[in-house]
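Peer 1:
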Amino acid sequence: MYAEDDDSTRTLVTSFLTADGFAVEAFPTADELLEAFGRHEPDLVLLDVMLSGTDGLEALARIRRSSTVPVMLLTAKGDDIDVCSGLALGGDDYLAKPFNPMVLVSRVRALMRRVDYDAAHPGCQPVQDDLTCGNTRLDRRRHAVYVGEQPLLATPTELRLIIFFMENHGEALSRQQILEAVWRLPDGVESRTLDETCRRVRVKLARAGSDVCIQTVRGFGYRLTELE
1 MYAEDDDSTR TLVTSFLTAD GFAVEAFPTA DELLEAFGRH EPDLVLLDVM
51 LSGTDGLEAL ARIRRSSTVP VMLLTAKGDD IDVCSGLALG GDDYLAKPFN
101 PMVLVSRVRA LMRRVDYDAA HPGCQPVQDD LTCGNTRLDR RRHAVYVGEQ
151 PLLATPTELR LIIFFMENHG EALSRQQILE AVWRLPDGVE SRTLDETCRR
201 VRVKLARAGS DVCIQTVRGF GYRLTELE
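Counting with UniProt numbering, you get residues 1 to 228 for the letters of the sequence shown.
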């Protein structure tokens, strides 16, 4: 699903995505997209941030109340506030306007590949053993993370990040290692995407009562540690 209030941009992007084999439902407003989303959940959502009426960030916030569907944000000239707000609300990727439609199609394909890979490979390690860090458990068979007995609600990107940290518990991981393992786009993801996703996961773990946290390794990357 795609929301864009500029008719020419919406038509152009829709035509490029359709030509690449995607079935696209395009809407001029976020409200129309949200109404359709309530009837059936798509594989991916594209949201222009600066929509008239309900804007893209508000639409993302509403989507995240009930769904972890991948969401890509389209922002004006890479506005830092929009980017940081969108990632903090649970966006999985972003692209700054003006953009080449072919680049957008490539980013959509890459995001869909990550989702498809995760569905086809539920856990990169043998599934017979769960992995526990403090009161936080990775169920490899279900490809899910639990704090105590409660499942942690996370987007696909957040879940991949948590799993990668848990599988490397206590190890200092470089930014490059994390970008390659979680996003599989070593040259296609801005570092602030990683930082915002780590910040978001920290908040979710803390709110869930987890006794593990993501620690910044200054000048290098991050590590998952247990709280003392």
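Built from N, CA and C at the ideal position, the CB exists for glycine as well.
Do the CB positions of V103 and D20 come within less than 8 Å of each other?
Peer 2: Residue numbering aside, residue 103 sits at position 103 when the sequence shown is read from its first letter. Residue numbering aside, residue 20 sits at position 20 when the sequence shown is read from its first letter. No, the pair does not count as a contact, with Cβ atoms beyond the cut-off.
Peer 1: Please list the terminal residues of the continuous alpha helix (DSSP H) segment that includes L159.
Peer 2: Numbered from 1 along the sequence shown, position 159 holds the residue referred to as residue 159. Per DSSP, L159 belongs to the alpha helix (DSSP H) from P156 to E167.
Peer 1: Return the CA-CA distance between D7 and E196, expressed in angstroms with no decimal places.
Peer 2: Counted from its first residue, the sequence shown places residue 7 at position 7. Counted from its first residue, the sequence shown places residue 196 at position 196. Each residue's alpha carbon lies about 31 Å from the other.
Peer 1: Just mark P70 as buried or exposed, buried being the case when its beta carbon has 16 or more other beta carbons within 10 Å.
Peer 2: On the sequence shown, residue 70 is found 70 positions in, with the first residue counted as 1. It is buried - the Cβ of P70 has at least 16 other Cβ atoms within 10 Å.
Peer 1: Please state the DSSP three-state secondary structure of E226.
Peer 2: As a first step, residue 226 must be located in the sequence shown, where it is residue number 226. Three-state result, E226: strand.
Peer 1: Just mark G209 as buried or exposed, buried being the case when its beta carbon has 16 or more other beta carbons within 10 Å.
Peer 2: Against the sequence shown, residue 209 aligns to sequence position 209. Result: exposed.
Peer 1: What are the boundary residues of the alpha helix (DSSP H) that V217 is part of?
Peer 2: Your numbering for residue 217 matches position 217 in the sequence shown. Segment V212 to V217 is the beta strand (DSSP E) holding V217; no alpha helix (DSSP H) there.
Peer 1: Given that a residue counts as buried once 16 or more other Cβ atoms are within 10 Å of its Cβ, and exposed if not, what is A3?
Peer 2: Reading the sequence shown from its first residue, position 3 is the one you call residue 3. Buried.
Peer 1: According to DSSP, G221 sits in a beta bridge with which residue or residues?
Peer 2: What you label residue 221 is simply residue 221 of the sequence shown in a count that begins at 1. DSSP lists S174 and V217 as partners of G221.
Peer 1: Please say whether G90 and T155 have beta carbons closer to each other than 8 Å?
Peer 2: Within the sequence shown, the letter at position 155 stands for residue 155. Within the sequence shown, the letter at position 90 stands for residue 90. Yes, they are a contact pair.
Peer 1: Helix or strand or just coil, what does DSSP make of T136?
Peer 2: Within the sequence shown, the letter at position 136 stands for residue 136. Here T136 sits in strand by DSSP.
Peer 1: Between which two residues does the alpha helix (DSSP H) carrying V69 extend?
Peer 2: For the purposes of this step, residue 69 is taken as the residue at position 69 of the sequence shown. Looking at the DSSP string, V69 is not in any alpha helix (DSSP H), and its letter there is neither H nor E.
Peer 1: Once DSSP output is grouped into helix, strand and coil, what is the label at D6?
Peer 2: Here residue 6 refers to the residue found at position 6 of the sequence shown. It is coil, neither helix nor strand.
Peer 1: Using a threshold of 8 Å, state whether the C-beta atoms of L131 and E167 are closer than that.
Peer 2: To locate residue 131, count along the sequence shown from 1; it is residue 131. To locate residue 167, count along the sequence shown from 1; it is residue 167. Yes, these two residues count as a Cβ contact at 8 Å.
Peer 1: I need the boundaries of the beta strand (DSSP E) containing D93, first residue and last residue.
Peer 2: Indexing the sequence shown from 1 puts residue 93 at position 93. Segment D93 to K97, the beta strand (DSSP E) holding D93.
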